[in-house]
Amino acid sequence: MIKPMAPVVFGGFSASNVAERISDCDSTVVITSDFGLRGGKCSPLKSKIDQALKMKQCSNVRTVLVFERNYGSNAEVKDACSDQRGTLEWKEGRDFWAHKEMETVNENCPPERMNAEDPLFILYTSGSTGKPKGIVHTTGGYLTYTSLTFKYIFDYNPGDVYMCTADIGWITGHSYIIYGPLSNRATTVVFEGVPTYPDVSRFWNVVDKHQVNIFYTAPTAIRSLMAHDDKYVTKTSRQSLRILGSVGEPINSEAWKWYHSVVGDSRCPIIDTWWQTETGGVMITPIANAWELEPSSATLPFFGIKTQLFDKSTKKPLTPPNTGELCIQDSWPGQARSLYRNHERFVDVYFKQYPGYYFTGDGCEIKKNGYHCITGRVDDVLVISGHNIGTAEVEAALNEHAGVSESAVVGYPDKKKNQGMYCFVVLKDDTKESEELRKDLIKSVRNTIGAHVNPDVIHFTPDLPKTRSGKIMRRILRKIVEPDTSNLGDISTLTDPSIVQELIKKSPRTKHS
């Protein structure tokens with residue numbers, strides 16, 4: 001078997017998270033840029049790699065290939081990174097400038113012939129155990145599926161200009177910035193930064209400048225733009241737009257309608273897509289101009305995809321209309337083949353719950369008309385602003401703090417970000433709660449995992465609701481923060497049932513409900 005190559009890592013990860021991924025896949029070469037730019041602020045990517053490589057688990061790395069930002073520009077470019085260019089740490093014999101190495105390479109590079117099941121890439125995604133899962137996608141099936149879904153879902157025609165605002169470090173960037181569009185020979189616009197910088201019209205200015213026909217973004221971005229005056233949209237033309245897409249999390253009706261009426265001038269269909277890193281490409285989606293759209297519904301499965309709902313308690317199949325745990329029957333070309341170095345975990349996570357089916361980990365409502373509405377995650381992975389964040393990973397980061405005894409992290413509904421992150425924290429006896437400590441814990445989480453992980457609530461508590469076997473009752477914690485305290489279920493089996501009322505009393509979520 002050919003070893004999978006070049007796992008792409010999200011630039012917002014911390015050095016320790018990068019090191020963990022480098023170690024897991026035994027990388028010997030790292031490719032990076034000297035700097036990135038986000039919201040007008042400089043992101044020192046090379047420095048982060050240097051920090052990661054100083055950690056003992058990264059001793060296999062022999063080469064770091066560095067692309068110089070703005071190399072080849074006719075004029076000197078002044079940006080937030082300009083003053084930091086002379087501060088780069090450089091290790092001779094390991095670090096090399098990409099543009100210099102490319103001068104020595106033959107300009108002819110014949111494509112390598114690969115077998116269909118040869119691994120194409122690894123992409124790491126959050127797991128409920130805290131350890132990232134290295135999803136393995138293969139060459140033939142993945143490329144076939146991303147190419148097919150891109151062509152038909154977005155009604156791509158030769159000459160169309162397509163733009164996806166995702167980060168290439170996530171599966172959407174892989175499938176629908178790179179592989180899907182380029183395998184159809186499409187012009188694909190790559191976006192750097194945030195939608196509100198240098199002003200709130202940025203997306204639409206790019207659309208007008210490049211005459212974008214198909215636009216694909218996340219509900220979080222849509223909701224952030226909705227918070228501003230519509231004039232930032234309406235002062236631009238956007239007449240080139242033909243298709244609008246949504247990806248990353250369920251889109252609420254209010255955001256869907258704004259996207260359709262304000263951005264699309266009520267003439268562009270909204271392609272609300274549902275899929276996962278593990279599926280490789282879109283699984284449930286409208287087909288542009290083919291059938292009636294419905295706000296907050298991903299509508300129907302793509303060609304050849306068969307869905308099935310199961311009851312979480314009885315594990316029995318459900319007949320629509322109904323709500324249950326979403327599974328996929330049979331196989332499809334784009335599905336992941338394994339977890340890198342851990343096929344047993346791959347089978348346990350995705351195929352043991354419901355034998356003969358792929359378990360998505362998502363809840364779903366299938367209506368009488370067959371339309372699918374995704375209700376959210378059913379496991380311990382939060383979907384915040386389009387990022388999958390394992391609660392175990394956040395808990396591990398909190399628990400590393402010298403003053404923390406234990407913690408439990410759950411999500412709650414958030415109109416802007418899809419979910420908010422609520423952290424229950426038990427302190428050690430010699431540690432006192434304070435605003436300074438609260439800020440320090442948030443900082444610790446961001447430093448350990450990445451700047452994209454930002455706890456919304458730190459709730460200090462003397463204890464957590466536990467069974468007599470010591471298991472934390474996360475179901476109760478979720479009820480408290482949703483808040484849905486009228487239906488907590490039987491709490492008599494807890495070691496200290498009184499802690500539940502104490503948590504309800506002090507929770508900012510229940511105070512304002």
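Counted the way the UniProt record's numbering counts, the sequence shown spans residues 1 to 513.
Glycine included, C-beta positions come from ideal geometry on N, C-alpha and C.
Cα separation between Ile271 and Ser82? Translated into positions along the sequence shown, residue 271 becomes position 271. Translated into positions along the sequence shown, residue 82 becomes position 82. Roughly 40 Å between the two C-alpha positions.
Can you tell me whether Ile22 is helix, strand or coil according to DSSP? Looking up residue 22 in the sequence shown gives position 22. DSSP places Ile22 in helix when its eight states are reduced to three.
Which two residues bound the contiguous alpha helix (DSSP H) that contains Trp204? The residue labelled residue 204 in the question sits at position 204 within the sequence shown. Start and end: Arg202 to His210.
With distances taken from CA atoms, which of Glu433, Ile504, Tyr412 and Glu395 is nearest Glu482? To locate residue 482, count along the sequence shown from 1; it is residue 482. Of Glu433, Ile504, Tyr412 and Glu395, the residue nearest in Cα terms is Tyr412.
Considering only residues of the same chain and omitting the five flanking positions on each side of Pro198, which have a CB-CB separation below 8 Å? For the purposes of this step, residue 198 is taken as the residue at position 198 of the sequence shown. Only Gly40 meet the Cβ criterion.
What is the rounded straight-line gap between the Cα of Ala15 and the Cα of Pro132? Position 15 of the sequence shown, counting from 1, holds the residue named residue 15. Position 132 of the sequence shown, counting from 1, holds the residue named residue 132. Their backbone Cα atoms lie some 15 Å apart in a straight line.
Indicate the three-state DSSP secondary structure (helix, strand or coil) for residue 514 in the structure shown. The requested residue 514 is not part of the displayed model; the chain covers only 1 to 513.
Pick helix, strand or coil for Val189, following the three-state DSSP scheme. Position 189 of the sequence shown, counted from the start, is the residue given in the question as residue 189. Looking at Val189 - three-state DSSP - the assignment turns out to be strand.
Beta carbon of Cys164 nearer than 9 Å to that of Tyr176: As a working note, residue 164 is residue 164 in the sequence shown. As a working note, residue 176 is residue 176 in the sequence shown. Cβ atoms of Cys164 and Tyr176: closer than 9 Å.
Go ahead and label Asn17 buried or exposed: buried means 16 or more other beta carbons lie within 10 angstroms of its beta carbon, across all protein chains shown. Against the sequence shown, residue 17 aligns to sequence position 17. Per the 10 Å Cβ criterion, buried.
List the DSSP bridge partners of Thr138. Numbered from 1 along the sequence shown, position 138 holds the residue referred to as residue 138. Partner(s): Pro119.
Identity of the residue in Phe303, Glu103 and Glu294 nearest Val282 by Cα: Taking the sequence shown and counting its residues from 1, one reaches residue 282 at position 282. Ranking Phe303, Glu103 and Glu294 by Cα distance to Val282 puts Phe303 first.
Whole beta strand (DSSP E) elements within the region 378-427, 3-residue minimum: 381-384, 387-390, 404-414 and 418-427
List the DSSP bridge partners of Val262. Translated into positions along the sequence shown, residue 262 becomes position 262. None, per the DSSP bridge assignment.
What does DSSP give as the partner residues of Trp97 in its beta bridges? In the sequence shown, counting from the first residue as 1, residue 97 sits at position 97. In DSSP, Trp97 forms a bridge with Val66.
Hey, could you find the ends of the alpha helix (DSSP H) His343 is sitting in? If you number the sequence shown from 1, residue 343 lands on position 343. His343 to Tyr350 is the extent of the alpha helix (DSSP H) around His343.
C-beta contact flag for Val247 and Thr299 at 9 Å: Taking the first residue of the sequence shown as 1, we reach residue 247 at position 247. Taking the first residue of the sequence shown as 1, we reach residue 299 at position 299. Not closer than 9 Å, so no.
Kindly indicate which residue of Gln335, Glu103, Lys368 and Arg345 has the alpha-carbon position closest to the one of His137. Within the sequence shown, the letter at position 137 stands for residue 137. For the residues Gln335, Glu103, Lys368 and Arg345, the minimum Cα distance to His137 belongs to Gln335.
Distance CB(Val66)-CB(Ser27) smaller than 9 Å: The sequence position of residue 66 within the sequence shown is 66, counting from 1. The sequence position of residue 27 within the sequence shown is 27, counting from 1. No, they are not a contact pair.
With DSSP as the reference, label Trp256 as helix, strand or coil. On the sequence shown, residue 256 is found 256 positions in, with the first residue counted as 1. Trp256: helix per DSSP, three-state reduction.
Please list, in chain order, all residues of the same chain as Ile2 whose beta carbon is under 7 Å from its beta carbon, the five residues on each side excluded. The residue labelled residue 2 in the question sits at position 2 within the sequence shown. Only weak support is given to the placement of Ile2: the predicted model assigns it a pLDDT of 48, under 50, and the question is left unresolved by the model.
Quick check on the DSSP output: the alpha helix (DSSP H) that includes Glu436 runs from which residue to which? Residue mapping note: residue 436 aligns to position 436 of the sequence shown, counting from 1. Per DSSP, Glu436 belongs to the alpha helix (DSSP H) from Glu435 to Thr448.
How would you label Gln501, buried or exposed, when you count the other beta carbons within 10 angstroms and need 16 or more for buried? If you number the sequence shown from 1, residue 501 lands on position 501. That one is exposed.
According to DSSP, is Asp496 helix, strand or coil? As a first step, residue 496 must be located in the sequence shown, where it is residue number 496. In the structure shown, Asp496 sits in coil (DSSP, three-state: anything other than H, G, I, E or B).
Residues in its own chain within less than 8 Å of Asn289 by CB, not counting five upstream and five downstream? The residue labelled residue 289 in the question sits at position 289 within the sequence shown. Excluding sequence neighbours, Asn289 sits near Asp155 and Pro269.
Expressed to the nearest angstrom, what Euclidean distance is found between the alpha-carbon atoms of Phe424 and His387? Along the sequence shown, one-based indexing puts residue 424 at 424. Along the sequence shown, one-based indexing puts residue 387 at 387. Cα to Cα, the separation comes out at about 21 Å.
In or out: Pro195 buried (at least 16 other Cβ within 10 Å) or exposed? Counting from 1 along the sequence shown, the entry for residue 195 is found at position 195. So Pro195 counts as buried.
Who are Leu318's beta bridge partners in DSSP? By one-based count along the sequence shown, residue 318 stands at place 318. The partner list for Leu318 (beta bridge, DSSP) reads Leu309.
Close Cβ partners of Leu503 (< 7 Å) along its chain, the five nearest in sequence each way excluded: Translated into the one-based positions of the sequence shown, residue 503 becomes position 503. Result list for Leu503: Thr461 and Ile480, in chain order.
Give the DSSP bridge partners of Lys466, in chain order. Translated into the one-based positions of the sequence shown, residue 466 becomes position 466. Bridge partners of Lys466: Ile472.
Sort out for me which residues DSSP pairs Met163 with in a bridge. Position 163 of the sequence shown, counted from the start, is the residue given in the question as residue 163. Answer is Val189 and Phe215.
Is Glu502 helix, strand or coil when you go by DSSP? Position 502 of the sequence shown, counted from the first residue, corresponds to residue 502. If DSSP states are grouped into helix, strand and coil, Glu502 belongs with the helices.
Which class does Phe303 belong to by DSSP, given the choice of helix, strand or coil? Along the sequence shown, read from residue 1 onward, the residue named residue 303 stands at position 303. It is coil, neither helix nor strand.
Could you tell me which residues DSSP puts in a beta bridge with Cys42? Residue mapping note: residue 42 aligns to position 42 of the sequence shown, counting from 1. In the DSSP output, where bridge partners are listed per residue, Cys42 has Leu37.
To the nearest angstrom, how far is the alpha carbon of Pro497 from that of Asp456? For the purposes of this step, residue 497 is taken as the residue at position 497 of the sequence shown. For the purposes of this step, residue 456 is taken as the residue at position 456 of the sequence shown. In a straight line, the C-alpha of Pro497 is about 26 Å away from that of Asp456.
Tell me which same chain residues have a C-beta within less than 7 Å of the C-beta of Thr510, skipping the five on either side of it? The count along the sequence shown starts at 1 and reaches residue 510 at position 510. Around Thr510: Ile480, Pro483, Thr485 and Ile504.
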